[in-house]
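Chemist: With the UniProt record's numbering, the residue at position 207 of the sequence shown is 207, and numbering never jumps. Ideal placement from N, C-alpha and C gives every residue a C-beta, glycine not left out. Keep in mind the model is a prediction, meaning the values are calculated, not measured. Next up is a structure, given as structure tokens.
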Amino acid sequence: MTIRSIKFWVGVYYIIFQISGAVIGAALFQAVVGMQEGQTLGYTLPATGNMGQAFLMEYMITALLIFTVLGTAIHPGASVKPLAPIPIGFAVVVGVIIAGGVTGGSMNPARSIGPAVISNTWEGNWVYWAAPSAAAISVALLYKLVFLSVQVSKEEVDMLANGGDSTATLEGAPDLGAGYRYVSEARAIDAMAADMSLQSVRIDKNRPKVSAPQAQTGGGANGVASTSGRL
1 MTIRSIKFWV GVYYIIFQIS GAVIGAALFQ AVVGMQEGQT LGYTLPATGN MGQAFLMEYM
61 ITALLIFTVL GTAIHPGASV KPLAPIPIGF AVVVGVIIAG GVTGGSMNPA RSIGPAVISN
121 TWEGNWVYWA APSAAAISVA LLYKLVFLSV QVSKEEVDML ANGGDSTATL EGAPDLGAGY
181 RYVSEARAID AMAADMSLQS VRIDKNRPKV SAPQAQTGGG ANGVASTSGR L
């Protein structure tokens, strides 16, 4: 949602279904296995009680996971997309190893909300919402700025915009000063394609017209000579 790789409402559906799925899954687990008093169904409770430390730990491991997902499964043209589950799974394992003893290694609010609802355990639950959400948004924005954007001079923006179709493509690009704006790589490619199309139209308009006899015989000097020979 942050880098617009999916539509906003699709992202909302993902959130709703993940949370509801987590709650239903925890309820089914309780129904099948049972839960004695004091059990929390695997709720990820901060071990040290230091919420600041728990927040930082969850932020770091979620940032690692999000960066891995963006670089392997989301990045346009990434050659490793078919193998993306491997590095993503490795990032999850590393995150759990690093933070498992401190926060439980949640990395996803849905992971913590399911057991919290069914076991009615809410201590430190805000950490598992705030830290992963902050990490996901900040890393996605940074990744977009560094890896999914290209520098385009203001002169190039104005030139393409004045050409016609590319106005909407580059309009609203953030001004970073020093004569440059950042635009997404896809938008820049669209603008360049539109500009090339406009240049092609201009070339066609400036090309000399070919008479009917020339067109029938192939046009150009050979066509003129062939027509003259028949006359």
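Out of F8, L64 and S20, state which residue places its alpha-carbon closest to the alpha-carbon of G114.
Modeler: The count along the sequence shown starts at 1 and reaches residue 114 at position 114. For G114, the closest C-alpha among the options F8, L64 and S20 is that of S20.
Chemist: If you follow the alpha helix (DSSP H) that G77 is in, where does it begin and where does it stop?
Modeler: Taking the sequence shown and counting its residues from 1, one reaches residue 77 at position 77. G77 -> no alpha helix (DSSP H), and no H or E assigned at all.
Chemist: Between V96 and the rest of its own chain, which residues show a CB-CB distance below 7 Å, the 5 nearest in sequence each way excluded?
Modeler: For the purposes of this step, residue 96 is taken as residue 96 along the sequence shown, with counting starting at 1. Counting only Cβ-Cβ distances below 7 Å, and skipping sequence neighbours, we find G105.
Chemist: If T121 and E58 are in contact, beta carbons under 8 Å, what's the gap, nearest whole angstrom?
Modeler: Here the question's residue 121 lines up with position 121 in the sequence shown. Here the question's residue 58 lines up with position 58 in the sequence shown. Rounded, the Cβ-Cβ distance is 17 Å, inconsistent with contact.
Chemist: Alpha helix (DSSP H) containing G52: first to last residue?
Modeler: Indexing the sequence shown from 1 puts residue 52 at position 52. Its alpha helix (DSSP H) spans residues M51 to V69.
Chemist: If distances are taken between C-alpha atoms only, which option among N108, P82 and K81 comes closest to A130?
Modeler: Along the sequence shown, read from residue 1 onward, the residue named residue 130 stands at position 130. Ranking the options by Cα distance to A130, first place goes to N108.
Chemist: Taking the alpha-carbon positions, what's the A116 to S133 distance?
Modeler: Sequence index remark: in the sequence shown, residue 116 carries index 116 (1-based). Sequence index remark: in the sequence shown, residue 133 carries index 133 (1-based). One C-alpha to the other measures close to 18 Å.
Chemist: Do you know offhand how far L45's Cα is from L141's?
Modeler: Taking the sequence shown and counting its residues from 1, one reaches residue 45 at position 45. Taking the sequence shown and counting its residues from 1, one reaches residue 141 at position 141. Looking at the two C-alpha atoms, the distance is approximately 29 Å.
Chemist: Near V139, what residues of its chain come up, given a Cβ to Cβ distance below 7 Å and the 5 sequence neighbours on each side ignored?
Modeler: The residue you call residue 139 lines up with position 139 of the sequence shown. Excluding sequence neighbours, V139 sits near A63, I66 and F67.
Chemist: By the DSSP assignment, the alpha helix (DSSP H) with G114 in it spans what residues?
Modeler: For the purposes of this step, residue 114 is identified with residue 114 of the sequence shown, where counting begins at 1. Unbroken alpha helix (DSSP H) run through G114: P109 to S119.
Chemist: Rounded to a whole number of angstroms, what is the C-alpha to C-alpha distance between M60 and A135?
Modeler: Counted from its first residue, the sequence shown places residue 60 at position 60. Counted from its first residue, the sequence shown places residue 135 at position 135. Answer to the nearest angstrom: the Cα atoms are 7 Å apart.
Chemist: Since I believe G89 is in contact with A78 (beta carbons under 8 Å), could you give me their beta-carbon distance rounded to a whole number of angstroms?
Modeler: Taking the sequence shown and counting its residues from 1, one reaches residue 78 at position 78. Taking the sequence shown and counting its residues from 1, one reaches residue 89 at position 89. Going by Cβ atoms, the distance from A78 to G89 rounds to 17 Å, so no, they are not a contact pair.
Chemist: Just to confirm, is the Cβ distance from M35 to V127 under 8 Å?
Modeler: The residue you call residue 35 lines up with position 35 of the sequence shown. The residue you call residue 127 lines up with position 127 of the sequence shown. Contact flag unset, no.
Chemist: By Cβ distance, which residues of its chain are closer than 6 Å to I3, with the 5 residues on each side in sequence left out?
Modeler: One-based indexing of the sequence shown puts residue 3 at position 3. Correct list, in chain order: A140 and K144.
Chemist: Going straight from the alpha carbon of A73 to that of K81, what length do you get?
Modeler: Numbered from its first residue, the sequence shown carries residue 73 at position 73. Numbered from its first residue, the sequence shown carries residue 81 at position 81. Straight-line Cα distance between these residues: approximately 5 Å.
Chemist: Taking the alpha helix (DSSP H) that A130 belongs to, which residues open and close that run?
Modeler: What you label residue 130 is simply residue 130 of the sequence shown in a count that begins at 1. It spans V127 to F147 - the alpha helix (DSSP H) in which A130 sits, taken as one unbroken run.
Chemist: Below 8 Å on the Cβ atoms is my guess for S119 versus Q18; work out the distance and round it to an integer in Å.
Modeler: Locating residue 119 in the sequence shown gives position 119, where the first residue counts as 1. Locating residue 18 in the sequence shown gives position 18, where the first residue counts as 1. At roughly 19 Å, the Cβ-Cβ gap does not stay under 8 Å, so S119 and Q18 are not in contact.
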